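Shown next, in structure tokens, is the structure this report addresses.
There are 2 protein chains.
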Amino acid sequence: MEMRKPSRGRPRSFDEDAVLDAVMRAFWEHGYEGTSVATLEAATGLKAPSLYGAFGSKEVLYQTALERYASEHGTVLRPDGPAREAISEFLHEAADRFSENGLPPGCMVSTAALTLGTAQRGIATRPARMRSESLAGIEQRLQTAVTDGELPQGTDVAALARLFGAVIQGMSVQAIDGATRTDLRALATAAMDAWPR
Amino acid sequence: MEMRKPSRGRPRSFDEDAVLDAVMRAFWEHGYEGTSVATLEAATGLKAPSLYGAFGSKEVLYQTALERYASEHGTVLRPDGPAREAISEFLHEAADRFSENGLPPGCMVSTAALTLGTAQRGIATRPARMRSESLAGIEQRLQTAVTDGELPQGTDVAALARLFGAVIQGMSVQAIDGATRTDLRALATAAMDAWPR
DNA sequence: TCATTTCTGTAGTGTTCGCTAAATAATGTC
DNA sequence: GACATTATTTAGCGAACACTACAGAAATGA
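In structure tokens:
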């Protein structure tokens, strides 16, 4: 992270962190194309020049908000303990987060930038990479479980990882469609029945 | 369906069905907000007044294209035979369709209009209803399977239906991210292991 | 005090958005 | 051929888009 050393000049009249949080929620709920700069002005209480002075452009504002989402609202796979419990916790925690009160429903990464105009195609690469890395993380965890003997040899870990990733992505869609926390947790529980025996 | 009885006046210079197909593909790939009328002009070869004369507005054009997608590219649950086979075929057919060559990847309904600006929120109601009806269809099929004794009493059919719906929705996301047909079919196969025993 | 630096608000920039009025072209009917 | 009807083309509408030049405001350093 780069340090800012203003000390001179007029100080910021806003808390950059709080502003970024409001921006994140706006993009989370309405997506990149669905969020206009006017929307961001309304959400933050700032005028466009302040936003641009602090962040640069709508695109870097989006990417910054996306990183903030990942670090503050992302669900991570616990690296220790049995893989089965880790995956189960992972799914159930996602169910909780996707239906958390006071936040937009669903996952900002799972359903980010799936359909964009050709002019903004570059926006989608970072969210797509995040999804890809999430999938890779799950697969690696499962592969370790095979190595450790927790999962049988010959388990199709790539397919299983894709399945749990798809469950996350589908839960995000259903959360947006109004599924409750109870609905999503039951979904997660049902998904765990796909664990190999 | 209303009948058109032109017979007078200048005839259409285009095949309405082919134009609607091009429109559907554009919306399918780029979504509602990502597809501008200029995009539709380029995709169809028509000028805006012809599009508006034939269909009315961008919004009804989208809804019409969505209905066309559902009827021509939608996957339906086979109503006869064992529920388990029906669901398995359903998932595998979706895997095939979402990765079909010559068509946009993913499902136009699963990932439609998840994030929109507040001004266009009305666009999302029809796709959301389609997803809801799809979920209800799966659940009813599973409920019948319980009644018939194919599934054990006490099966959480709602959760199981949500799970298979989530698998579809997740496959759509992963297809957009570049998953191959083989990837998706393996995912579908892994999902079927969640079938109660 | 005064100059310098930085931020904020006003008021735009040019571009693209969805959409359409008006003129022209192509058909059927008389 | 004249006329009514419908389709296409040209040209452009007002609004919203992302973004910014500029002037004034608020801080520090000399």
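Those protein sequence lines, which keep their order, are chains A and B. All residue numbers for the first sequence refer to the working numbering, where the first residue is 10 and numbers rise by one. All residue numbers for the second sequence refer to the working numbering, where the first residue is 10 and numbers rise by one. Backbone N, C-alpha and C fix where the C-beta goes; we use that ideal spot for every residue, glycine too. Computed from a prediction, not measured in an experiment: that's the story for all the values here.
Coil, strand or helix - residue i by DSSP
| i | result |
| --- | --- |
| Met180/A | helix |
| Val166/A | helix |
| Thr153/B | helix |
| Met33/A | helix |
| Pro136/A | helix |
| Thr189/B | coil |
| Tyr41/B | coil |
| Phe173/B | helix |
| Glu142/A | helix |
| Phe23/B | coil |
| Val46/A | helix |
| Met201/B | helix |
Beta carbon proximity, residue i to chain A, threshold 8 Å
| i | result |
| --- | --- |
| Thr73/B | no |
| Gln45/B | Correcting the residue identity first, residue 45/B is Ser in this sequence and not Gln. Output row for Ser45/B: interface = yes. |
| Ala31/B | no |
| Ser119/B | yes |
| Ile147/B | no |
| His82/B | no |
| Asp202/B | yes |
| Arg77/B | no |
| Leu6/B | For residue 6/B there is no data in the structure shown, the boundaries of chain B being 10 and 206. |
| Val182/B | yes |
| Val176/B | yes |
C-beta neighbour in chain B for residue i, strict 8 Å
| i | result |
| --- | --- |
| Met3/A | This structure leaves residue 3/A out entirely; chain A is present only between 10 and 206. |
| His39/A | yes |
| Thr198/A | yes |
| Ile185/A | yes |
| Glu42/A | yes |
| Ala35/A | no |
Nearest candidate by alpha-carbon position, reference residue i, set the options
| i | options | result |
| --- | --- | --- |
| Ser59/B | Ile96/B, Arg19/B and Leu75/B | Arg19/B |
| Thr73/B | His39/B, Ile132/B and Leu55/B | Ile132/B |
| Leu163/A | Met139/B, Ala199/B, Gly65/B and Lys67/B | First, the residue type needs correcting, since residue 163/A is Gly and not Leu in the sequence shown. Selected option, being the one with the closest Cα: Ala199/B. |
| Arg190/B | Ala203/B, Gly115/B and Ser45/B | Gly115/B |
| Leu70/A | Thr134/A, Arg140/A and Phe36/A | Phe36/A |
| Gln9/B | Phe64/B, Arg17/B, Leu123/B and Asn110/B | Absent from the model: residue 9/B. The displayed extent of chain B is 10 to 206, so no value can be given. |
| Gly126/B | Asn110/A, Tyr41/A and Gln129/A | Tyr41/A |
| Ala184/A | Gly65/A, Trp204/A and Phe107/A | Phe107/A |
| Leu238/B | Arg138/B, Glu109/B and Ala128/B | Because chain B is modelled from 10 through 206, residue 238/B falls outside the range shown and cannot be assessed. |
| Met78/A | Leu172/A, Arg135/A, Ala51/A and Gly187/A | At residue 78/A the sequence reads Tyr, which differs from the Met that was named. The candidate whose alpha carbon is nearest that of Tyr78/A is Arg135/A. |
| Ser141/A | Ser80/A, Thr48/A, Val118/A and Ser97/A | Val118/A |
| Arg21/A | Gly62/A, Glu50/A, Glu38/A and Val32/A | Gly62/A |
Enclosing alpha helix (DSSP H) for residue i [first to last residue]
| i | result |
| --- | --- |
| Val69/A | Lys67 to His82 |
| Phe64/A | Ala57 to Phe64 |
| Arg93/A | Ala92 to Phe107 |
Chain-order list of residues whose beta-carbon lies under 8 Å from that of residue i (same chain, five-residue window excluded)
| i | result |
| --- | --- |
| Glu102/B | Thr84 |
| Gln152/A | Val166 |
| Met201/B | Arg93, Ile96, Ser97 and Leu100 |
Cβ shell of residue i (< 6 Å), same chain only, five flanking positions each side left out
| i | result |
| --- | --- |
| Ala154/A | Ala92 and Leu160 |
Residues of its chain near residue i, where Cβ-Cβ distance is below 7 Å and the 5 sequence neighbours each way are ignored
| i | result |
| --- | --- |
| Phe99/B | Thr84 and Leu86 |
| Ala170/A | Leu144, Ile147, Glu148 and Leu151 |
| Gly174/B | Ser143, Leu144 and Ile147 |
| Thr44/B | Ala35 and Phe36 |
| Lys67/A | Val46 |
| Asp105/A | Arg190 |
| Ala203/B | Leu172 |
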